[in-house]
Amino acid sequence: MTATTALRPGAYRYRFAPDAATAMVWMGPGRPFEAVAVLDIDFGPRDVLVEVELATVCGSDVHTIDARRPSPHPSVLGHEYVGRVVGAGVDARYADGTRVQLRDRVVWSVTVSCGLCPTCRRGIPQKCAELRKYGHERFDGEWPLSGGFASHVHLREGTAIVKVPEHVAAEALAPVACGVATAAAAVAAAEQLHDLDDATVLVSGAGLIGLAAAAIASGAGARVVVVDPVAERRELALRFGAAETVDPGRGAAARTVAAACDGGAPDVVIEASGSRRGVELALAAPAVGGTAVLVGSVFPDDPVGLDPERVVRGLLMIRGVHNYTAADLARAVRFVTASERRMPWAELVGATVPLADLPRAVALAQTGRHVRVGVRP
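Here the sequence shown stands for residues 1 to 377, where the numbers follow full-length UniProt numbering.
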């Protein structure tokens, strides 16, 4: 790092040498990506610079590009990634408090939190009053390397950073930073209300979050049933810990689910699809005293009806989960690392394309044929 001109107490200009960093900038709906060189960045004592090894295209990226959810533009999208530390401030720390070292391999959180506001102090830093998000910020001179679809990402103070092992495939690690960590947060929300050992957990949707939730809940001792309309996704769910799968298109969904749950009702439903039918099932299916965890509804859709008598008489608890904490990210890393030889995490990245060919990666993701598409600088 070239520490030349002080910008604020303890902050310096990081100059890239000999080559500039490159960001693929999304210019807005219906417009092409543009490759933009970044020559330098403002760098603080707790900041980290990472060279991206692999990023993956999340469903949220596709929703943004398709104008299904509002997002500032121009911007550098991408919030699932793994990379290597090539620059670190003197006070840069991991989520566990240890010092960041050059050449460490890392994943990092979607969010940047202040740690001081009332929301952060309540233990939900993912809803910080000063929240910034990787892959969701306007491209400007203040934070140009803010997304994963770039050669480098500038990690700001307030980012949860977790060191990852060298032996685990990049394809297994990159999705941890969004989908798998979010699934860990959903399971943690359920565990606050239920002991999952010997519980029945119904997971609606076998995308990345649903598959990861099935795996983590199964690892906690639950019997997991996964609902998804796509046969290939149901087969994949069996490889990620599901005891049984259900095709919601065959017969009445509630009766089919009851049969899969040994004639009863699930203790917990984790709704990961975001579909209206999935949400309706999540609110109708739980047993008395059960819990519905909604995690998939991250884009605008028609509202669903709620039967308040069902909630009251059924002692139903409804939890919403959006993003995750540093503890969830660390748990996701540990789980993937421990299970990567028995669960096909790396296979979830069905294709990988060069960063310069990012539009092709987006087009592949839009087909829905792959759980994730990789982007490699």
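Glycine included, every Cβ here is placed at the ideal spot set by N, Cα and C.
As the structure is a computational prediction, the values presented were derived from the model and not from experiment.
> Bridge partners of R31, per DSSP?
Replying inline: In the sequence shown, counting from the first residue as 1, residue 31 sits at position 31. According to DSSP, which records beta bridges pairwise, R31 is partnered with nothing at all.
> Taking only runs of the alpha helix (DSSP H) that begin and end inside the stretch 305-359, which ones reach a length of at least 4 residues, in chain order?
Replying inline: 308-313, 326-339
> On the three-state DSSP scale, how would you describe D40?
Replying inline: Against the sequence shown, residue 40 aligns to sequence position 40. Correct three-state label for D40: strand.
>> Closest to R93 by C-alpha separation, out of T352, L49, G210, would be which residue?
In response: Here the question's residue 93 lines up with position 93 in the sequence shown. Closest by alpha carbon: L49.
> Exposed or buried, T98, counting other C-beta atoms within 10 Å across all chains shown (16 or more means buried)?
Replying inline: Within the sequence shown, the letter at position 98 stands for residue 98. Burial call: exposed.
>> Quick check on H370: does DSSP put it in helix, strand or coil?
In response: Within the sequence shown, the letter at position 370 stands for residue 370. Looking at H370 - three-state DSSP - the assignment turns out to be coil, as it is neither helix nor strand.
> What's the gap between the Cα of A361 and the Cα of T352?
Replying inline: Position 361 of the sequence shown holds residue 361. Position 352 of the sequence shown holds residue 352. Distance between the alpha carbons of A361 and T352: 7 Å.
> For the stretch 171-184 against the stretch 113-120, are there 3 or more C-beta pairs whose distance is under 8 Å?
Replying inline: no
> From what residue to what residue does the alpha helix (DSSP H) around S218 run?
Replying inline: Numbered from 1 along the sequence shown, position 218 holds the residue referred to as residue 218. Counting along the chain, the alpha helix (DSSP H) containing S218 begins and ends at 208-219.
> Using the beta-carbon count (16 or more within 10 Å), is P354 buried or exposed?
Replying inline: Here residue 354 refers to the residue found at position 354 of the sequence shown. The residue in question, P354, is exposed, as its Cβ has fewer than 16 Cβ neighbours within 10 Å.
> What whole-angstrom Cβ distance do G314 and V288 have, given they're in contact under 8 Å?
Replying inline: Here residue 314 refers to the residue found at position 314 of the sequence shown. Here residue 288 refers to the residue found at position 288 of the sequence shown. Rounded, the Cβ-Cβ distance is 5 Å, consistent with contact.
> Between R369 and F43, what straight-line distance do the alpha-carbon atoms span, to the nearest angstrom?
Replying inline: Working through the sequence shown from its first residue, we reach residue 369 at position 369. Working through the sequence shown from its first residue, we reach residue 43 at position 43. C-alpha separation (whole angstroms): 40 Å.
>> Based on DSSP bridge pairs, tell me the residues matched to A23.
In response: Taking the first residue of the sequence shown as 1, we reach residue 23 at position 23. Looking at the DSSP assignment, A23 forms a beta bridge with V36, A150.
>> Can you tell me whether S60 is helix, strand or coil according to DSSP?
In response: By 1-based counting over the sequence shown, the position of residue 60 is 60. Residue state, collapsed to three classes: helix.
> Where A67 and A35 are concerned, what is the direct C-alpha to C-alpha distance, given to the nearest angstrom?
Replying inline: One-based indexing of the sequence shown puts residue 67 at position 67. One-based indexing of the sequence shown puts residue 35 at position 35. Roughly 21 Å separates the two Cα atoms.
>> By alpha-carbon positions, which one of P300, T325, N323, A285 ends up nearest to L306?
In response: Residue numbering aside, residue 306 sits at position 306 when the sequence shown is read from its first letter. Minimum Cα distance to L306 is reached at A285.
> Does the distance from the C-beta atom of E51 to that of R84 stay below 9 Å?
Replying inline: Translated into the one-based positions of the sequence shown, residue 51 becomes position 51. Translated into the one-based positions of the sequence shown, residue 84 becomes position 84. Yes, Cβ-Cβ distance for E51 and R84 is below 9 Å.
> For the putative contact between V298 and V321, defined by C-beta atoms under 8 Å, what is the C-beta separation to the nearest angstrom?
Replying inline: The residue given as residue 298 occupies position 298 in the sequence shown. The residue given as residue 321 occupies position 321 in the sequence shown. Not quite, the Cβ-Cβ distance comes to about 10 Å (not below 8 Å), so this is no contact.
> Excluding the five sequence neighbours on either side, which residues of its own chain have a C-beta within less than 7 Å of the C-beta of I161, listed in chain order?
Replying inline: Taking the sequence shown and counting its residues from 1, the one referred to as residue 161 is at position 161. V48, Y94, A95, V100, V106, W108, L155, listed in sequence order.
> Rounded C-beta distance between V295 and I270? I'm assuming under 8 Å.
Replying inline: Numbered from 1 along the sequence shown, position 295 holds the residue referred to as residue 295. Numbered from 1 along the sequence shown, position 270 holds the residue referred to as residue 270. Rounded, the Cβ-Cβ distance is 6 Å, consistent with contact.
> Any idea what DSSP makes of T4, helix, strand or coil?
Replying inline: Taking the first residue of the sequence shown as 1, we reach residue 4 at position 4. At T4 the pLDDT is 36, less than 50, meaning the model places this residue with poor confidence; the figure from the coordinates comes in the next sentence. T4 falls in the coil class under three-state DSSP.
>> Here's the rule: buried if 16 or more other CB atoms are within 10 angstroms of the residue's CB, otherwise exposed. What is V312?
In response: As a working mapping, residue 312 is identified with position 312 in the sequence shown. With fewer than 16 other Cβ atoms within 10 Å, it is exposed.
>> Counting beta carbon pairs with one atom in the stretch 22-29 and one in the stretch 130-148, are three or more of them shorter than 8 Å?
In response: yes
>> What residue range does the beta strand (DSSP E) around A284 cover?
In response: The residue given as residue 284 occupies position 284 in the sequence shown. It is not in any beta strand (DSSP E) - A284 instead sits in the alpha helix (DSSP H) that spans 276-284.
> Smallest Cα separation from E191: which of D328, P18, P45?
Replying inline: In the sequence shown, counting from the first residue as 1, residue 191 sits at position 191. Nearest of D328, P18, P45 to E191, Cα basis: D328.
> From P303 to L281, what distance separates their C-alpha atoms?
Replying inline: One-based indexing of the sequence shown puts residue 303 at position 303. One-based indexing of the sequence shown puts residue 281 at position 281. P303 and L281: Cα-Cα distance of roughly 14 Å.
>> Given this structure, state the Cα-to-Cα distance separating F240 from W143, to the nearest angstrom.
In response: Locating residue 240 in the sequence shown gives position 240, counting from the first residue. Locating residue 143 in the sequence shown gives position 143, counting from the first residue. Looking at the two C-alpha atoms, the distance is approximately 38 Å.
> What three-state label does DSSP hand L116 in the structure shown?
Replying inline: Numbered from its first residue, the sequence shown carries residue 116 at position 116. Coil at L116, not helix or strand.
>> In the DSSP assignment, the alpha helix (DSSP H) including G179 goes from what residue to what residue?
In response: If you number the sequence shown from 1, residue 179 lands on position 179. That run of the alpha helix (DSSP H) goes 179-191.
>> For L316 and V201, I'd like the C-alpha separation in whole angstroms.
In response: The count along the sequence shown starts at 1 and reaches residue 316 at position 316. The count along the sequence shown starts at 1 and reaches residue 201 at position 201. Computed Cα separation, rounded: 15 Å.
>> Distance check for C120 and T291, CA to CA, integer angstroms please.
In response: The residue given as residue 291 occupies position 291 in the sequence shown. The residue given as residue 120 occupies position 120 in the sequence shown. Using only the alpha carbons, I get a separation of about 25 Å.
> In the DSSP assignment, what are the bridge partners of A292?
Replying inline: By 1-based counting over the sequence shown, the position of residue 292 is 292. Per DSSP, V269, I318.
>> Using a Cβ-Cβ cutoff of less than 8 Å, which residues in the same chain neighbour S339 once the five nearest sequence positions on both sides are dropped?
In response: Counted from its first residue, the sequence shown places residue 339 at position 339. Taken in chain order, the residues that qualify are A215, G219, W345.
> Just how far apart, CA to CA, sit G135 and E171?
Replying inline: Here residue 135 corresponds to residue number 135 of the sequence shown, with the count starting at 1. Here residue 171 corresponds to residue number 171 of the sequence shown, with the count starting at 1. C-alpha separation (whole angstroms): 19 Å.
> Which same chain residues, not among the five before or five after A213, have their C-beta less than 7 Å away from its C-beta?
Replying inline: If you number the sequence shown from 1, residue 213 lands on position 213. Around A213: A183, A186, V187, V203, I270, A272.
> Starting from E244 and walking both ways along the alpha helix (DSSP H), at which residues does that stretch end?
Replying inline: Within the sequence shown, residue 244 is the residue found at index 244, counting from 1. No alpha helix (DSSP H) contains E244, which is instead part of the beta strand (DSSP E) from 244-246.
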